[in-house]
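Asker:
In the numbering used here, the protein residues as written are 1 to 274.
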């Protein structure tokens, strides 16, 4: 495996296992530099969202990178305030315009807004059928949200992007998604830095001559979880992706699995202030 390795979604689209997230990366030069540094160093997947407020910068970086659009995998998301059928279609066009692209590789429902996400999904199905997006999915969906969505959906989501790291391993959602052929993607894979001095991870990192961040990201890959760590420093962007030259043993994987405490760094989708 390498930085360009992909998982095949259930509709045949190939999605990179590893990418750059740009949550809380400032619009303008900061996000442009971050995305360009990632692309320069071999990343082909970039994950943004309407609410991040940096889609224009991401689009600018793609343009300035000189890389063929076809060689990149771009994800964005419809925000809660825009959910509903017509409003989602309008929000998509706004995102497309800001990014300066002709299509999106993966379009996600950002949060399961009660009473709205089914209509939003219908809009995503239309965008998919119209060829404006290569794949559609959801974000922050628990099992009960997915079950509810699938009662009426024509198309099974290709991806569920959720908060996922060693303190929150999300086994129930992962098992359900595996059963439905939905690829799981981790946001906040490093628990916003909360794991960097964890004793178990520090020991495993020392044994491999790697950083704790690299150990966690390698755990993602070996657990068949797509991962999108965020950084604005080129050195860290390179370091985060340097995880394809070693492998964690079964014992190390089990030690990391045992760290789960069902602890979130972000909000619980069931108690989110939409």
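Each residue gets a CB set at the ideal place from its N, CA and C atoms; glycine is no exception.
1. Would residue 253 pass as a contact of residue 222 if the rule is Cβ separation under 8 Å?
2. Would you say residue 184 and residue 156 are within 8 Å of each other, going by their C-beta atoms?
3. In the DSSP assignment, find the alpha helix (DSSP H) that holds residue 219 and state where it starts and stops.
4. Please give the ranges of any alpha helix (DSSP H) in the region 234-266, keeping only runs that are unbroken, at least 4 residues long and fully inside the region.
5. Is the separation between the beta-carbon of residue 195 and that of residue 229 shorter than 8 Å?
6. Could you tell me which residues DSSP puts in a beta bridge with residue 77?
7. From the DSSP output, which residues share a beta bridge with residue 20?
8. Taking residue 108 and residue 58 to be in contact with their CB atoms under 8 Å, please state how far apart those CB atoms are, rounded to whole angstroms.
9. Among the candidates 45, 193, 256 and 62, whose CA atom is the shortest distance from the CA of residue 204?
10. Tell me where the alpha helix (DSSP H) around residue 154 begins and ends.
11. Select from 150, 138 and 35 the residue whose C-alpha is nearest the C-alpha of residue 111.
12. Who are residue 136's beta bridge partners in DSSP?
Answerer: With the structure as the only source:
1. Taking the first residue of the chain shown as 1, we reach residue 253 at position 253. Taking the first residue of the chain shown as 1, we reach residue 222 at position 222. Contact flag set, yes.
2. For the purposes of this step, residue 184 is taken as the residue at position 184 of the chain shown. For the purposes of this step, residue 156 is taken as the residue at position 156 of the chain shown. Taking C-beta atoms as the reference points, residue 184 and residue 156 fail to come closer than 8 Å.
3. Here residue 219 is taken as the residue at index 219 of the chain shown, counted from 1. It spans 212-222 - the alpha helix (DSSP H) in which residue 219 sits, taken as one unbroken run.
4. 234-241 and 250-257, all fully within the region 234-266.
5. Here residue 195 refers to the residue found at position 195 when the chain shown is read from its first residue. Here residue 229 refers to the residue found at position 229 when the chain shown is read from its first residue. At least 8 Å separates the beta-carbon of residue 195 from that of residue 229.
6. Numbered from its first residue, the chain shown carries residue 77 at position 77. BP columns for residue 77 point to 108.
7. Reading the chain shown from its first residue, position 20 is the one you call residue 20. Looking at the DSSP assignment, residue 20 forms a beta bridge with 46.
8. Walking along the chain shown from the start, residue 108 turns up at place 108. Walking along the chain shown from the start, residue 58 turns up at place 58. Taking 8 Å as the upper bound for CB-CB distance, residue 108 and residue 58 are not in contact here, some 15 Å apart.
9. Translated into positions along the chain shown, residue 204 becomes position 204. Nearest of 45, 193, 256 and 62 to residue 204, Cα basis: 256.
10. Counting from 1 along the chain shown, the entry for residue 154 is found at position 154. From DSSP, residue 154 is part of no alpha helix (DSSP H); its letter is neither H nor E.
11. Position 111 of the chain shown holds residue 111. Answer by Cα proximity: 138.
12. Position 136 of the chain shown, counting from 1, holds the residue named residue 136. The partner list for residue 136 (beta bridge, DSSP) reads 107.
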